[in-house]
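Asker: Numbering (UniProt numbering) for the sequence shown: 1 to 618.
Note that CB positions come from ideal geometry on N, CA and C, so glycine has one too.
Computed from a prediction, not measured in an experiment: that's the story for all the values here.
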Amino acid sequence: MSFTEVAATAARDPGKFWLEAARGLHWSTFPETAHDEAGDVWFPDGVLNTCYNAVDRHVEAGRGDAEALIYESPFTGRAQSYSFAELQDHVARTAGMIASAGVGKGDRVIIYMPMIPEAVFAMLACARIGAVHSVVFGGFAAPELAKRIEDCTPALVLSASCGFEPGRTIAYKPLLDKALDLASHKPPGTIIFQREELLADLVPGRDRDWAEAVAAAEPAGCVDVASSDPLYILYTSGTTGTPKGVVRDNGGHATVLHWSMRNIYGVEAGDTYWAASDIGWVVGHSYIVYGPLLKGCATILFEGKPVGTPDAGIFWNLVDKHQVKVLFTAPTAIRAIRRSDPDGTFIDGASLSSLSALFLAGERADPDTLLWIANKLGKPVIDHWWQTELGWPAIATCLGLGESEIRAGSAGHAVPGYRFRVLDDAGNPVGAGTVGNLLIEQPLPPGAFRSLWNNPERFAAGFVDFPGNYTTGDAGMIDADGFIHIMGRTDDIINVAGHRLSTGQMEEVVANHPQVVECAVVGAADDLKGEMPVGFVVTRPGCEDLEKVHGELVASVRGDIGPIASPRSIYFVDGLPKTRSGKILRNLLRDIINGKEVTVPQTIEDASVIDTIRQAVT
């Protein structure tokens, strides 16, 4: 069926639609009920095991020799491939190791590890025995790790001796030790994977060596769990204060990820799919680990960066090496590549014959960046949108359903199963092309969060402002053709002399300048107009006439949006503050420009950029 037909089918009878999608999985007990409205639970009477569906069933179907997990580490120079049969063996033994530590069904396990195969083994191993994993980005500061330990009270912590960032080695064990000292909850033990680049000191009686523990373990089988049982807890990036732990179920999650691989991304079993993200983020959970393996694809685990490991050609080299069909990364990665390789020399030097499309998500893809990479690749470049809370794409161009029209500045149409609305602050619908609060009608489709760990009040708050709808927190608009445009977070809509303006729209104009690599626009307090836009701009290497660029940017904003949007100031900086997942921390920029005290979050990728921005502003 076409995209239009599939969307209509999903809207007409969601329960029937998702029950049919669920048939793509192996269930120990296939659900008879699609959705329990009272409890807002999908497939409430279904029983399955996510690990079995991601690994074992492919082996039993005769695909044990097929490639499953590909590991590439430019930091260490290591590269390794695992078949589904080899993955099954590693996961079963890791599951036995975890079980031997006293972990059982429903117990929580924190995984604080770098991008190494053992981290993937650990995630799947938890799913195998019905334990609930909570992956914390490797190298997170001790106080943040301690908050997560206190919140989910793990029965076990799995970690490694070290991880890598460009030019430095990060010792994980001292961070873990400090976090365990800070946390009021004391897990009974830890298991540490020793990397030869830096060995960790183990605490007798508490810490076990991974290699020794896994060698002594008996392989563990798959444990059946209810569809509604939790698979994982994932704490959202940028969390301060009480952690916000998104809980993902087993049945709905597996169903939609399996469905999305073919219908959104257009891949099949045997294809190679690469999400160039980190397992500490939702993209890594959904599309490094679970989604591709559920579909029977080979998935790439990349321990590196888009530039500097060794150069801006690493993505394209690996696409050719492993015949990647679909690449998924963040717009910030493409901006980094563009800044390092503005003429696309590395792209021109690659074949890329296997690549069918590049997908972007994680933050808004400005049209200039999207069009630049699309022109260089000569392939479809598809911006799509979703959140940690949703777990899988909600707005996209569904390549697998035959959608081909891409509208720069839009994330596409609502994915089948999602129903979007745009309302003003009073709860009234707005017209086509008008910016307002972007909402999703309840019930949310399978795979979306049904709770926050230990925090029902905060979960309920997401549905209070606009009853019957989930508040995404984003400002958006739906144009006359149904294309949805994400204009930024709702607090990125500024009020200039009574005019509501989108800073995202201003960023589009600024980013379109040929000398601009990336930018951010925020609202600065103004005594006369309430707020005024201020821009922070990173230019291409070698750009010297900043005064000329400044004038051209102001003229472009005035000409494309109007004099009311004319920026009060534009600052040229070397970099923008970002989380490790690539999101620009506009709230920090807003606090700096408004002279407020700045609290630098532990999720920031490079805290040194804050000082350079302060200097530029003063």
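Could you spell out the range, first to last residue, of the beta strand (DSSP E) harbouring S73?
Answerer: E67 to S73 is the extent of the beta strand (DSSP E) around S73.
Asker: Closer than 7 Å by C-beta to A448: which residues in its own chain qualify, once you throw out the five before and the five after it? Chain order, please.
Answerer: These residues qualify, in order along the chain: E389, L390 and G391.
Asker: Which ranges would you report for the alpha helix (DSSP H) in the segment 153 to 209 if only whole runs of at least 4 residues count?
Answerer: If we require 4 residues or more, the alpha helix (DSSP H) runs fully inside the segment 153 to 209 come out as 172 to 182.
Asker: Ignore the nearest five residues each way along the sequence and tell me which others in I478's own chain have a CB closer than 7 Å to its CB.
Answerer: Only F420, V422, A432 and I484 meet the Cβ criterion.
Asker: Given that a residue counts as buried once 16 or more other Cβ atoms are within 10 Å of its Cβ, and exposed if not, what is G77?
Answerer: Classification of G77: exposed, given that the 10 Å Cβ count is below 16.
Asker: Within 10 angstroms of its Cβ, does V538 collect 16 or more other Cβ (buried), or is it exposed?
Answerer: Flag for V538 reads buried.
Asker: For W385, which beta-bridge partners are listed by DSSP?
Answerer: W385 pairs with I395.
Asker: Indicate the three-state DSSP secondary structure (helix, strand or coil) for T309 in the structure shown.
Answerer: T309 falls in the coil class under three-state DSSP.
Asker: Between which two residues does the beta strand (DSSP E) holding P14 run?
Answerer: From DSSP, P14 is part of no beta strand (DSSP E) but of the alpha helix (DSSP H) over P14 to A22.
Asker: What I want to know is whether the C-beta of L176 ends up closer than 7 Å to one or more non-hydrogen atoms of the ligand GDP.
Answerer: Among the ligands in the structure shown, none appear at all, so the ligand GDP cannot be discussed.
Asker: For the 8 Å Cβ check, are there 3 or more pairs between the segment 507 to 519 and the segment 358 to 373?
Answerer: Result yes; three or more Cβ-Cβ pairs closer than 8 Å.
Asker: Start and end of the beta strand (DSSP E) containing residue 622?
Answerer: Given that the chain is displayed from residue 1 to residue 618, the structure contains no residue 622 and the question cannot be resolved.
Asker: Going straight from the alpha carbon of F164 to that of I170, what length do you get?
Answerer: Near 6 Å, if we compare the C-alpha coordinates of I170 and F164.
Asker: In this structure, what does DSSP give as the bridge partners for C519?
Answerer: Answer by DSSP bridge pairing, in chain order: V537.
Asker: Could you please give me the residues that DSSP links to A357 through a beta bridge?
Answerer: V326, per the DSSP bridge assignment.
Asker: If we call anything under 8 Å between Cβ atoms a contact, is A160 one with I192?
Answerer: Taking 8 Å as the Cβ cut-off, A160 and I192 qualify as a contacting pair.
Asker: When the Cα atoms are used, what is the spatial distance from D606 to F43?
Answerer: Looking at the two C-alpha atoms, the distance is approximately 43 Å.
Asker: Distance, Cα to Cα, Y235 vs Y112?
Answerer: Using only the alpha carbons, I get a separation of about 13 Å.
Asker: I need the straight-line Cα distance from P446 to A200, nearest angstrom please.
Answerer: One C-alpha to the other measures close to 42 Å.
Asker: In terms of residue numbering, what span does the alpha helix (DSSP H) encompassing T255 cover?
Answerer: Run containing T255: G251 to N263, per the alpha helix (DSSP H) assignment.
Asker: Quick one: Cα of C519 to Cα of L576, how far?
Answerer: Going by the C-alpha atoms only, they are around 8 Å apart.
Asker: Assuming T255 contacts L25 under a Cβ cut-off of 8 Å, what Cβ separation, rounded to an integer in Å, is found between them?
Answerer: Indeed they touch by this definition, with Cβ atoms about 6 Å apart.
Asker: Within its chain, find whatever has a CB closer than 7 Å to the CB of R614; leave out the 5 residues flanking it on each side and keep chain order.
Answerer: Around R614: I592.
Asker: What's the gap between the Cα of T434 and the Cα of G427?
Answerer: Answer to the nearest angstrom: the Cα atoms are 14 Å apart.
Asker: Using only alpha-carbon positions, find the residue among L293, D249, W316 and R335 that is nearest to V516.
Answerer: The candidate whose alpha carbon is nearest that of V516 is R335.
Asker: Would you mind sorting S404 into buried or exposed? The rule is 16 or more other CB atoms within 10 Å of its CB.
Answerer: Under this definition S404 is an exposed residue.
Asker: Apply the 10 Å Cβ neighbour rule to N375 and answer buried if 16 or more other Cβ atoms are within range, or exposed otherwise.
Answerer: That one is exposed.
Asker: Tell me where the beta strand (DSSP E) around Q80 begins and ends.
Answerer: Its beta strand (DSSP E) spans residues R78 to S83.
Asker: Kindly give me the distance between the Cβ atoms of I406 and I373, rounded to whole angstroms, as I take these residues to be in contact under 8 Å.
Answerer: Incorrect: roughly 12 Å between the Cβ atoms, too far for contact.
Asker: Could you compute how far the alpha carbon of L360 sits from the alpha carbon of G436?
Answerer: C-alpha separation (whole angstroms): 23 Å.
Asker: Going by the CB atoms, is the gap between D224 and S81 shorter than 8 Å?
Answerer: Taking 8 Å as the Cβ cut-off, S81 and D224 do not qualify as a contacting pair.
Asker: Within this structure, are the beta carbons of A142 and L175 separated by less than 8 Å?
Answerer: Result yes, Cβ atoms of A142 and L175 sit closer than 8 Å.
Asker: For P429, which beta-bridge partners are listed by DSSP?
Answerer: DSSP, once it has assigned bridges, lists L423 as partnering P429.
Asker: Kindly indicate which residue of I70, D278, A22 and R63 has the alpha-carbon position closest to the one of L48.
Answerer: Of the listed residues, the one whose Cα sits closest to L48 is A22.
Asker: Apart from the five residues on each side of it in sequence, which residues of its chain come closer than 7 Å, Cβ to Cβ, to G64?
Answerer: Within the same chain, G64 has close Cβ partners S83, F84 and A85.
Asker: Looking at the strands, I want to know which residues DSSP matches up with Y571.
Answerer: The partner list for Y571 (beta bridge, DSSP) reads F536.
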